[in-house]
Each structure stands twice: as structure tokens, then as C-alpha cells.
Amino acid sequence: MQELPGNDPAWDHMFAFSEYLNATFPLIRQSVALERVNTHGLVYTWHGKNQSLKPTLLLAHQDVVPVQQGTEDIWEHPPFSGDFDGTYIWGRGSIDSKSSLIASIEAVEELLRVGFTPERTIILAFGFDEEISGYQGAKQIALHLIDRYGEDGIAALIDEGPGMEQKSITDSIYAVPGLAEKGYFDAEVVVHMKSGHSLLPPNDNSITVMADLVRKIKETPFEFLVDRTSPVLDAVFCLAQHDEMFPGYGRGIVEKVDKNVTIIKDHLTMIAALAPSFMPLFQTTQSQAMIHGGVKVNLIPAKTSLRINHRIVHGNTISDVKNHLEEVVKAFIAEFNGNTDVEHDMLRFNGWDQREVLNSIGLRALPGSTEPSPITPSSVDGTTPYRILQGTTKALYRDKVAVIAPMLMPGSTDSRHYGNVTKHIFRFSPGHDIGDSTDNQIKSHSHGVNERASMRGHVNGVKWYSLFIRNMDEADMD
79 MQELPGNDPA WDHMFAFSEY LNATFPLIRQ SVALERVNTH GLVYTWHGKN
129 QSLKPTLLLA HQDVVPVQQG TEDIWEHPPF SGDFDGTYIW GRGSIDSKSS
179 LIASIEAVEE LLRVGFTPER TIILAFGFDE EISGYQGAKQ IALHLIDRYG
229 EDGIAALIDE GPGMEQKSIT DSIYAVPGLA EKGYFDAEVV VHMKSGHSLL
279 PPNDNSITVM ADLVRKIKET PFEFLVDRTS PVLDAVFCLA QHDEMFPGYG
329 RGIVEKVDKN VTIIKDHLTM IAALAPSFMP LFQTTQSQAM IHGGVKVNLI
379 PAKTSLRINH RIVHGNTISD VKNHLEEVVK AFIAEFNGNT DVEHDMLRFN
429 GWDQREVLNS IGLRALPGST EPSPITPSSV DGTTPYRILQ GTTKALYRDK
479 VAVIAPMLMP GSTDSRHYGN VTKHIFRFSP GHDIGDSTDN QIKSHSHGVN
529 ERASMRGHVN GVKWYSLFIR NMDEADMD
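Here the working numbering is used: the first residue of the sequence shown is 79, the next is one more, and so on.
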């Protein structure tokens with residue numbers, strides 16, 4: 079559906095959600111302008127009294143990933159029920175990112191109810207295809223906003239991202255707004271070999287070759303990269319400096335690295351022990367996510383394909399990822415062809431995006447790729463968007479949050495399309511139940527079975543958006 083415009087009937091199921099919002103939030107319906115961008119992109123504009131001030135922009139996405147067929151019966155609550163058990167709201171999309179979407183719109187509804195009138199315009203923008211890269215939703219909304227406000231015409235943008243987490247380094251709760259996100263690249267590997275009847279199976283076929291190639295790819299990871307501008311390093315330095323629970327030996331390592339960032343590779347093992355969840359943030363990751371081969375059990379498969387998802391760390395590019403994968407495939411082919419112990423046809427490398435040929439391994443770049451994002455400024459000198467985010471978070475959670483540290487968003491969000499809309503992009507899901515260590519994207523099963531969202535966390539999200547809107551409204555920074 080990535081190529082289908084918003085007015086295609088395939089998207090018609092999205093109307094039900096916008097109708098729900100229209101019926102549920104009457105004050106927004108009466109007082110806030112709603113525009114539809116590419117049919118299903120929803121842009122709510124609450125016009126401020128001072129049109130010279132850059133607007134505040136809050137993002138979320140309406141769409142969800144599918145529920146894997148055959149897993150429905152192992153959910154504790156039906157995956158599209160929206161059941162509330164007194165603690166959690168259950169269902170696909172609850173934590174990603176419908177809780178944030180509803181929290182932001184609830185905050186505006188409540189501000190309208192109490193008679194708040196903004197100086198600074200507030201915009202809520204909800205795409206409808208984030209899970210397939212956002213080209214019909216977020217990208218079109220971003221172009222619409224640039225046309226209206228110009229490049230860098232928005233004061234600050236909040237999208238989904240890391241929120242409050244209990245890190246493995248200490249028992250402290252950290253707020254970790256994402257100041258950048260990793261790049262994104264999907265590749266397809268295709269092994270094409272002879273087919274035939276399974277009565278006479280060859281020593282190798284496209285499936286067995288692909289199985290060996292999958293192992294080769296897994297055993298050839300990307301190197302760790304350390305960029306001094308990385309928000310991940312800033313986070314580690316920030317925690318070491320400000321969190322009293324940070325281990326003393328870890329603080330010593332961080333101090334050495336801070337003085338000479340080039341030596342960090344010498345300490346990666348120790349850093350991994352301190353915070354294993356940080357390690358993928360220093361490395362381009364490769365996830366072998368989809369495989370397909372064979373059409374019939376008594377037919378030797380002619381073609382087997384593998385799709386790999388890459389999340390690209392700062393310091394790598396899409397070109398680097400393509401070169402790495404190509405080198406791995408070429409090395410595999412050389413090893414395969416050099417094995418004279420088993421009789422088999424010779425393989426050759428078929429290049430990128432070429433017509434498939436027999437006895438070859440080819441590569442294909444899939445749509446939706448993006449380079450690693452620019453890094454949002456994190457200055458707290460004077461009144462800055464980052465300082466307002468910090469202050470809002472501290473005001474709501476007070477001493478329950480030990481440190482607010484900049485972070486890298488490992489996934490991709492709709493914000494990838496907003497780089498020309500504003501320089502101040504924060505990937506931050508602010509609603510959190512401090513007393514619930516499972517209230518985060520991973521332990522709440524985002525994209526998985528039994529996805530859920532904490533109601534306490536959701537209510538805190540409403541409070542945070544309301545406070546952030548008012549703090550931005552009072553800020554003198556334009």
C-alpha cells in the first residue's frame with residue numbers, strides 16, 4: 079500500500095477512526111480547524127493570538143502493524159478489543175502510538191474546556207501510514223506545513239520515541255528524549271537456482287544455499303562506530319555526571335572516554351556490561367526479517383528470497399550498508415564455488431536491482447530508505463525547546479526522574495519527513511507510570527502479542543502535553 083494515494087479505496091477503513099475522534103472530542107470539533115491532507119492525514123490547527131510566533135507541533139500516527147495470523151488466541155485480551163482491565167488498555171497500537179495520539183488530543187480538549195486561549199498556534203498532525211514509512215501521510219503533511227509556514231517555520235516538534243525508562247546501569251528512572259534517529263534501509267537477497275522434481279534432489283538448492291548465506295550474514299555484523307556528536311555518548315556522559323547511582327568504576331571509564339573519544343572501542347565490553355541496551359546504538363543493525371522459498375513440497379525451489387531490515391547508525395550511510403552486504407555475498411559465493419568436495423553448479427553475483435538469472439545471487443534495494451537524521455540541538459543556554467522539554471518533564475515527574483538525558487531513537491518515525499519543518503525534533507513519548515517497570519515500548523509488547531498501555535502512564539501523558547503546550551506558549555524564544 080506504500081504507493082497508494084490516500085484517496086484509494088484501500089485506505090477507506092481509516093475513516094472510522096477520524097469519525098471516532100470527531101464524535102469523542104466535541105470542543106475540538108467546534109473550535110479547532112481540521113484539514114485533511116491526502117484524504118486521511120489529519121491536521122488540527124488551534125490558532126494562537128500571536129501569529130508571529132512559530133507554532134508548536136505534536137505528531138502521532140493513526141495506523142498500526144497487523145496482528146500475525148494464528149496468534150489471536152494467545153492474546154490475554156482480543157487484539158482489537160481495546161479492553162481496559164483497571165490497569166492497562168489492551169490491543170494492537172495501544173502503546174504504539176495511540177496512547178500518545180489520544181493523550182495529545184485530550185490535552186487540547188481539556189485546555190479548551192477550562193478556557194485556555196493560546197498565544198502560540200498549536201498543531202496536531204496525525205499520519206496514517208507510519209508503519210510503511212509515512213510517504214502518503216507524514217511526508218504530505220510536512221510538505222503542507224512547509225507551504226504554509228516555510229522551512230524551519232515550526233518552533234518545536236514532539237513525535238513518538240523513548241520515554242521514561244529504568245536503565246540497567248542503575249535503578250534510576252531516566253527520561254531519554256530522542257534527538258536523532260538511525261537511518262533505515264531494507265534489502266532483498268535473491269538466490270536463483272535450477273528447479274525440478276524432488277525425486278532427484280541436487281546437493282544444493284536455493285533454500286539450502288540461502289540457509290548458509292543467512293548464517294554468513296549473521297556472522298558478519300557491522301563494526302561499532304563512535305561519533306562524538308552522537309546523542310548516545312551524551313546520554314552516557316550525562317548519566318555518569320548527574321546520577322548518584324552510577325557505578326564508580328563506570329564513571330571512571332566515561333571520564334576517560336570523554337577526554338579522548340577515540341578510545342571508546344577499548345571500553346565497549348565494559349560499557350556493554352554497564353548498559354547492554356546501549357550497544358545497538360553504536361552499531362548498524364541487520365535483522366533478517368522475511369524469507370520465502372518454494373511453492374510445492376515435491377518441487378525443488380527455483381528461487382528463495384530474504385528481506386533484511388537495517389537500522390543505520392550515525393557514521394554509516396546507505397551506501398556503506400549496500401557495500402557491506404555486497405561484500406558479504408561476494409565472499410560467500412567465493413567460498414561456495416571453492417568447495418570442491420560437493421558437486422554443484424557455480425554461482426555468480428548478479429549485482430543490485432538486476433533482472434534475475436539462473437545460478438546467481440542478486441540484491442535489491444527496497445523503497446523507504448532514509449539516511450541517519452540530523453541531530454536536534456540540545457542547548458540549555460537561555461530559553462530553548464530542549465530546555466522547555468526538560469523543564470516540563472521535571473515539573474511533572476519531579477524527583478522521580480533522576481536524569482533527563484539526550485538519546486538516539488533506534489527506530490524510524492514519521493519525524494523523518496519533517497527535517498525541513500523544524501530543527502527542533504524530539505522523539506519522546508512522555509506518558510509513564512513511574513511505579514510500573516514494564517511501562518515502556520519493549521515490556522509493553524509494542525508490535526507483539528499482548529500489546530498494552532498503562533492507564534496511569536496515559537493520564538501522565540495528557541498532563542505532560544497540557545503542560546508542554548502552556549510552557550511553549552509562555553516561552554520567549556522566537
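For every residue, glycine included, the Cβ atom is placed at its ideal position computed from N, Cα and C. The structure presented is a predicted model; accordingly, all values stated were derived computationally and were not measured.
Query                                                                                                              : Result
Inside the segment 203-244 only - alpha helix (DSSP H) runs reaching at least 4 residues                           : 216-227
C-beta contact flag for Thr471 and Ala233 at 8 Å                                                                   : no
Met271 beta carbon less than 8 Å from that of Asn283                                                               : yes
Rounded Cβ spacing between Trp542 and Gly513 (contact assumed at less than 8 Å)                                    : Contact flag wrong, Cβ pair sits at about 17 Å.
Touch test, the segment 150-167 against the segment 524-538, Cβ-Cβ under 8 Å, three pairs minimum                  : yes
Opening and closing residue of the beta strand (DSSP E) in which Glu113 lies                                       : Ala111 to Val115
Distance CB(Phe360)-CB(Val304) smaller than 8 Å                                                                    : yes
Neighbourhood of Asn498 by C-beta, 8 Å cutoff - its chain only, sequence neighbours within 5 removed               : Ala220, Ile224, Glu229 and Asp230
Beta-carbon proximity list for Phe410, same chain, < 6 Å, skipping 5 on both sides                                 : Leu291 and Lys294
Close beta carbons around Ala265, own chain, < 8 Å, minus the five adjacent residues each side                     : Arg385, Ile386, His388, Val399, Lys400, Leu403, Leu441, Arg442, Ala443 and Leu444
Extent of the continuous beta strand (DSSP E) run through Lys272                                                   : No beta strand (DSSP E) holds Lys272; DSSP gives it neither H nor E.
Close beta carbons around Asp554, own chain, < 7 Å, minus the five adjacent residues each side                     : Thr461
Buried versus exposed call for Tyr496 [16 or more other C-beta atoms within 10 Å across all chains shown]          : buried
Asp264 beta carbon near the ligand ATP (any heavy atom closer than 7 Å)                                            : Among the ligands in the structure shown, none appear at all, so the ligand ATP cannot be discussed.
Continuous alpha helix (DSSP H) stretch holding Lys541: start and end                                              : Met533 to Glu552
C-alpha gap between Leu278 and Asn417, whole angstroms                                                             : 21 Å
Top-ranked residue by Cα proximity to His370, from Ala253, Met288, Gln214 and Val391                               : Met288
Any 3 or more C-beta pairs closer than 8 Å across the segment 159-177 and the segment 102-114                      : no
6 Å CB neighbourhood of Glu187 in its chain, flanking five on each side removed                                    : Phe103, Leu105 and Ile106
Assumed close pair His139, Phe93 - CB separation to whole angstroms, cut-off 8 Å                                   : The pair is not a contact, with the Cβ atoms about 16 Å apart (cut-off 8 Å).
Minimum C-alpha distance to Arg505 - residue among Gly372, Ser273, Leu257 and Gln364                               : Leu257
Helix, strand or coil at Gln468 according to DSSP, with G and I counted as helix                                   : helix
Rounded straight-line distance, which links the Cα of Thr286 to that of Met368                                     : 16 Å
For Ser383: DSSP bridge partner residues                                                                           : Val268 and His370
Three-state secondary structure assigned by DSSP to Gln108                                                         : helix
His402 in three-state terms, based on DSSP                                                                         : helix
Euclidean distance between Cα positions of Asn549 and Trp430                                                       : 50 Å
Residue burial classification, Ala412 (beta-carbon count within 10 angstroms, cutoff 16)                           : exposed
Beta-carbon spacing of Gly489, Ser177 below 8 Å                                                                    : no
Exposure of Asn128, with buried meaning 16 or more beta-carbon neighbours within 10 Å                              : exposed
Nonlocal neighbours in the same chain, by C-beta distance under 7 Å from Asn85, ignoring five residues either side : Thr117
Thr491, DSSP secondary structure in three states                                                                   : coil
Closest residue to Pro300 among Glu97, Asp511, Met242 and Thr362 (Cα-Cα distance)                                  : The residue asked about is misnamed: residue 300 is Phe in this sequence, not Pro. When each option's Cα is compared against that of Phe300, the closest is Thr362.
Where His536 falls, given that 16 or more other Cβ within 10 Å makes a residue buried                              : buried
Proximity below 8 Å, CB of Glu208 to CB of Asp141                                                                  : yes
Three-state secondary structure assigned by DSSP to Thr286                                                         : helix
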